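Structure record follows, encoded as structure tokens.
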Amino acid sequence: MTTRAWMVALAAVGFAPQIVQAQSAPRVINDPASLDWLYYGSDYTVKPLTGVPISGGAAVEVKVRRGSQPYAAGTNILLTAPIVKGRDYAIRFWARAVKSSASDGQGKILVRFFRNEEPYNGFGDTTVTVGPEWKTYEVAARATMDIPANAGVGLQLASVSQTLQLGQAHVVEGSMTVTPNAVKPTGDPLPPQLEGKGELLNVPTNRQWVTYGNAQTSETTTTDVYTRQATLLTVSQAGKEPYDAGANAPIAGAVRKGDRLLVAVLARAKSAETPNGTGLVSLRMQSNKAPYAGWGEEAIHLAPGWKLFQWRTTATMDLPAGGGEVAIHTGLAKQQVEIGPVYVIRLKGD
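Residues -22 to -1, 1 to 328 in mature numbering (1 follows the signal peptide of the UniProt record, and there is no 0) are what the sequence shown lists, from first letter to last.
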């Protein structure tokens, strides 16, 4: 049985046609298998539960005391994609109330889509009433803002003193309800140039990159290309070496010496002080531990338009699972470049 707390946050004026048309096919944008959510507040306790008769089979029990505001204690579910203004979002989660000080004896959860950094701007604030039996609860909203980084869904729990049990959650983009088809956790589709080439070794939507360089700043941006998220790297002065500035994108899978690899990067230059006006970056495969052993220094030249750059290379060393990265060096030019998704593919036949 599903209790739906429908809420559509619409702008005060009609959306422009291009925003309405920005809806995409529904897709999951969180990790439903994880209950490692971010709890906060000064007066709460959490304990894990197993063998629970809900999808996923696990839950957490959280006890909170009533606060001065609902957000005095709660938990945040971080998303794996940015939130884009004008698109539809929905969350469905399992919950039950064990105990509540509310007059009706029911649990209270304020659900909110938001940016997990000050000033915590958000939308879709909706309070759901939680009964004593396990049920799924759903909240939906149309985004009234872009949240290019640190997007999440907050469950604010301090409206009343209560003990709640919380289970698996699905957050979807592109729908006002979490349908069975939407909850299949498929990733963003590969660009057609890469389809069928081999085994994808990294997670292109993972933007937990390491950026570095005294002359470089970085900013997360929202785009209309694959994964809809990029990193804008601004280099204020050219360095002596390519690695004087850059960004490292993690590789989750293992690479074996002799593997034939395809490394693809979707990127563009916003500006560049180079002889031909194109951005200048280079790609290197390397360990993520000092002294950062690796191979390659493949130069690519970035134009103002988005382009998928492909580098074929052969691994000269092993990189263990989670121990490799693609280094994107930006240090040789004063420039502003925008780097979208990175794809590392082990080519078929290896």
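We put the beta carbon where it would ideally sit given N, CA and C, even for glycine.
As the structure is a prediction and not an experimental result, all values here were calculated from the model.
Asked                                                                                                                                                                      : Found
Taking the DSSP output, what are the residues bridged to methionine 263?                                                                                                   : Trp273 and Val304
Locate the beta strand (DSSP E) running through lysine 207, then write down its first and last residues.                                                                   : Here residue 207 turns out to be glutamine, not lysine, going by the sequence shown. Counting along the chain, the beta strand (DSSP E) containing glutamine 207 begins and ends at 207 to 213.
For the beta strand (DSSP E) that contains tyrosine 321, what are its first and last residues?                                                                             : 313 to 325
With DSSP as the reference, label aspartate 9 as helix, strand or coil.                                                                                                    : coil
Tell me the rounded alpha-carbon separation between threonine 200 and leucine 27.                                                                                          : 37 Å
How about valine 75 and glycine 109: are their beta carbons less than 8 Å apart?                                                                                           : One point to set straight first is that residue 75 is alanine, not valine, in the sequence displayed. In contact: alanine 75 and glycine 109 (Cβ atoms closer than 8 Å).
Could you tell me the alpha carbon to alpha carbon distance between glycine 64 and threonine 155, rounded to whole angstroms?                                              : 16 Å
Among Leu261, Gly302, Ala247 and Pro253, whose alpha-carbon lies nearest the alpha-carbon of lysine 267?                                                                   : Gly302
In this structure, does DSSP put tyrosine 49 in helix, strand or coil?                                                                                                     : helix
Alpha carbon to alpha carbon, how far is serine 153 from glutamine 140? Give it in angstroms, no decimals.                                                                 : 31 Å
Run through DSSP, which three-state label would proline 220 get?                                                                                                           : helix
Since tyrosine 115 is in the beta strand (DSSP E), which residue starts that stretch and which ends it?                                                                    : 113 to 120
Along the chain, where does the beta strand (DSSP E) that runs through proline 26 open and close?                                                                          : 22 to 28
Using the Cβ count rule (16 or more neighbours within 10 Å means buried), how would you classify glutamate 111?                                                            : exposed
Work out the CA separation of isoleucine 306 and valine 188 for me, nearest whole Å.                                                                                       : 10 Å
Can the beta-carbon of valine 213 be found closer than 8 Å to that of alanine 193?                                                                                         : yes
Where leucine 239 and proline 228 are concerned, what is the direct C-alpha to C-alpha distance, given to the nearest angstrom?                                            : 15 Å
Assess, as a yes-or-no matter, whether the segment 44 to 55 is touched by the segment 118 to 133 under the definition of 3 or more beta carbon pairs within less than 8 Å. : yes
Just to confirm before moving on: does the CB-CB distance between valine 144 and alanine 37 stay below 8 Å?                                                                : Reading the sequence as shown, one finds leucine at residue 144 and not valine. Yes, the pair counts as a contact, with Cβ atoms nearer than the cut-off.
Can you give me the start and stop residues for the beta strand (DSSP E) that valine 106 sits inside?                                                                      : 100 to 108
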